[in-house]
Amino acid sequence: MTSDTTAKIELIHEPGRIDNIDSDQEQKLKDMWAQILLFTGDIPHSLEATPSTLTSHSEDEEKKKKKKRHLFGIGKNKAEAPPKEEKKHTQEANAFKEVMKDLEPAQAAKLIFMMIKADHPDNLLLRFLRARKWVVKDALHMFGNTIYWRHENKVDDILRLGERVAFENNDEEFLTQLRSNKSYIWGHDFRGRPIVHVKTYNHDPKAQGEKSMEDFTLYIIETARLCLKDPVDTAAVFFDLSNFSMANMDYGPVKFMIHCFANHFPECLGFLLIHNAPWVFTGIWNVIKGWIDPVVASKIKFTKTTEDVAKFIPMEYIEKNLGGNSDHTYVYIEPKEGENDLMNDTATRDKLLAAHDELTAKFINATVDWIKSDDKATNQKTQSIKNDIAAQLMENYWQSDPYIRSRGIFDRNGTIDDFKKLHSENWK
7 MTSDTTAKIE
17 LIHEPGRIDN
27 IDSDQEQKLK
37 DMWAQILLFT
47 GDIPHSLEAT
57 PSTLTSHSED
67 EEKKKKKKRH
77 LFGIGKNKAE
87 APPKEEKKHT
97 QEANAFKEVM
107 KDLEPAQAAK
117 LIFMMIKADH
127 PDNLLLRFLR
137 ARKWVVKDAL
147 HMFGNTIYWR
157 HENKVDDILR
167 LGERVAFENN
177 DEEFLTQLRS
187 NKSYIWGHDF
197 RGRPIVHVKT
207 YNHDPKAQGE
217 KSMEDFTLYI
227 IETARLCLKD
237 PVDTAAVFFD
247 LSNFSMANMD
257 YGPVKFMIHC
267 FANHFPECLG
277 FLLIHNAPWV
287 FTGIWNVIKG
297 WIDPVVASKI
307 KFTKTTEDVA
317 KFIPMEYIEK
327 NLGGNSDHTY
337 VYIEPKEGEN
347 DLMNDTATRD
357 KLLAAHDELT
367 AKFINATVDW
377 IKSDDKATNQ
387 KTQSIKNDIA
397 AQLMENYWQS
407 DPYIRSRGIF
417 DRNGTIDDFK
427 KLHSENWK
């Protein structure tokens with residue numbers, strides 16, 4: 007990634023993130039955290055008596071007089087909680103519980119913090135709140151459904167074990183996806199978003215089964231998440247249909263990708279370009295667009311010329327065959343001997359994971375204090391503590407990464423390190 011390109015990055019602080027939410031949005035985030043922590047058993051026992059009431063949020067004193075809500079009975083007796091509030095928050099709790107099914111509380115807590123990886127925990131939950139238009143019950147249902155879906159589909163294992171297990175098990179179908187040049191992560195847009203390139207004409211629907219395509223899709227999405235750092239929390243997708251024909255069309259993977267973005271990776275898509283679509287794609291698009299959520303659909307743009315693409319992507323990351331300046335060609339680099347040796351260092355791994363567990367406990371305790379906060383000063387102080395711990399969790403994740411995640415193509419070709427460098431040099 008050249009300095010000329012990185013100089014063009016304009017970091018945008020989008021609304022609805024932890025550094026700019028308003029008091030009402032903050033309250034909804036508190037309500038969401040409260041129900042999650044009640045389910046996982048991380049609310050102190052002394053505070054569990056009134057799970058259906060709310061805490062006040064950090065409003066100005068004048069506004070607090072007009073509207074004051076409490077969780078855990080802080081500042082208000084349980085008997086005084088309005089029946090409507092009791093009912094609403096019982097519904098919120100049930101919305102989360104019903105989709106968690108047979109997951110034990112401790113197992114759910116582990117899955118949640120495994121999913122977070124290098125994200126700020128608050129910003130992860132805010133994705134779900136934004137996606138469900140700030141309706142806490144709906145956000146909890148979506149979040150719980152995602153946690154269970156990740157558990158059932160072993161999503162964390164797909165990234166953690168990835169290529170190493172594919173080679174050990176001679177999983178040629180999965181390896182074919184990696185070698186096919188059909189999809190890869192490379193470069194960034196003008197806002198620092200990683201770009202997922204999809205070469206549709208390199209896809210042979212008969213070359214692999216449905217499971218391999220789904221695992222590969224999740225592998226790309228989860229790897230792209232490692233290329234994000236706040237305030238950049240979305241990725242770009244570039245579909246190149248230049249040599250596309252009906253022989254390449256495969257509705258299954260398309261439907262799966264749409265399902266993932268709509269239901270399990272909310273607010274992760276910055277934009278999606280469909281480039282140089284042939285006339286035959288018109289009928290296909292008429293089918294596909296019926297599956298797409300209106301919010302996602304609004305982020306899809308059709309491009310025909312290099313100039314069209316260059317409005318979204320720097321010329322340095324547009325390949326020459328598409329009229330850009332780059333000689334880049336994706337080549338799959340086979341695994342190197344010893345690249346996963348650190349995964350055998352269980353002593354260091356366990357030490358880092360123990361530190362992660364300790365930081366997680368601190369974050370949860372700070373979150374409980376934040377939920378209980380009854381004035382603006384305390385609220386700001388506890389949020390600041392949470393932010394500090396979130397930064398430590400991110401640092402711990404990257405320290406742990408080579409001990410818990412097998413190396414993949416985007417480690418070998420330098421993509422992930424390039425984004426780390428990009429972040430360290432440009433995210434101030």
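In my numbering, the protein residues as written are 7 to 434.
The C-beta atom is built at its ideal place from N, Cα and C for all residues, glycine as well.
Check                                                                                                   : Outcome
Segment limits, beta strand (DSSP E) that includes T182                                                 : No beta strand (DSSP E) holds T182; the alpha helix (DSSP H) holding it covers E178 to R185.
Inter-residue CB distance, P272 and R133 (contact presumed, cutoff 8 Å)                                 : 5 Å
Anticipated Cβ contact below 8 Å, P200 with R23, distance rounded                                       : 18 Å between Cβ atoms; not a contact.
Coil, strand or helix - W192 by DSSP                                                                    : strand
Where L17 falls: helix, strand or coil (DSSP)                                                           : coil
Expected contact under 8 Å - CB spacing of L17 and G198 to nearest Å                                    : 6 Å
Inter-stretch contact at 8 Å, needing at least 3 Cβ pairs: the segment 121-139 / the segment 221-236    : yes
Under the three-state DSSP convention, the category H203 falls into                                     : strand
Beta-bridge pairing of K139 - partner residues as DSSP gives them                                       : Looking at the DSSP assignment, K139 forms no beta bridge with any residue, so it has no partner.
Residues near D375 in its chain [Cβ-Cβ closer than 6 Å; skip 5 each side]                               : T388
Which residues DSSP lists as bridging V243, in chain order                                              : V202 and L278
Helix, strand or coil at D317 [DSSP, three-state]                                                       : Here the sequence assigns Lys to residue 317, which means Asp is not the residue at that position. If DSSP states are grouped into helix, strand and coil, K317 belongs with coil.
Three-state secondary structure assigned by DSSP to S332                                                : strand
Cross-strand partners of T309 (DSSP beta bridge)                                                        : H281
Bridge-paired residues (DSSP) for V238                                                                  : K235
Cβ-Cβ separation, L365 to Q398 (assumed contact under 8 Å), whole Å                                     : 5 Å
Span separating the alpha-carbon of K117 from that of L44                                               : The sequence shown places Leu at residue 117, not Lys. In a straight line, the C-alpha of L117 is about 16 Å away from that of L44.
Beta-carbon proximity of G168 to M219, cut-off 8 Å                                                      : no
Proximal residues to A283 (C-beta, below 8 Å), its chain only, five neighbours per side dropped         : L247, F250, W291 and F308
Coil, strand or helix - E273 by DSSP                                                                    : coil
Spatial distance of L328 from H209 (CA atoms)                                                           : 19 Å
Reference K143; option with closest CA among V105, D177, D162 and A112                                  : V105
Segment contact, 8 Å Cβ cut-off, at least three pairs: the segment 313-323 with the segment 185-197     : yes
E322, DSSP secondary structure in three states                                                          : helix
Cβ-Cβ separation, R411 to Q166 (assumed contact under 8 Å), whole Å                                     : As written in the sequence, residue 166 is Arg, which differs from the Gln given in the question. Correct: roughly 5 Å between the Cβ atoms.
Whole-angstrom distance between N393 and W140, CA atom to CA atom                                       : 22 Å
Among L224, I226, F287 and I370, nearest to A253 - alpha-carbon criterion                               : F287
Buried versus exposed call for K188 [16 or more other C-beta atoms within 10 Å across all chains shown] : buried
Three-state secondary structure (DSSP) of M148                                                          : helix
CA-to-CA distance, R185 to T421, given in whole angstroms                                               : 16 Å
Short Cβ contact (8 Å threshold) for M263 with T223                                                     : yes
Cα-Cα separation, H270 to V161                                                                          : 11 Å
Proximity winner among W285, I227 and H281, relative to H265 (alpha-carbon distances)                   : I227
Per-residue DSSP class, three states only, for A115                                                     : helix
Coarse secondary structure for N286, derived from DSSP in three states                                  : A quick correction: the sequence has Val, not Asn, at residue 286. In this structure, V286 counts as coil in the three-state DSSP scheme.
Limits of the alpha helix (DSSP H) - the one that E444 falls within                                     : There is no way to answer for residue 444, as the model of the chain reaches only from 7 to 434.
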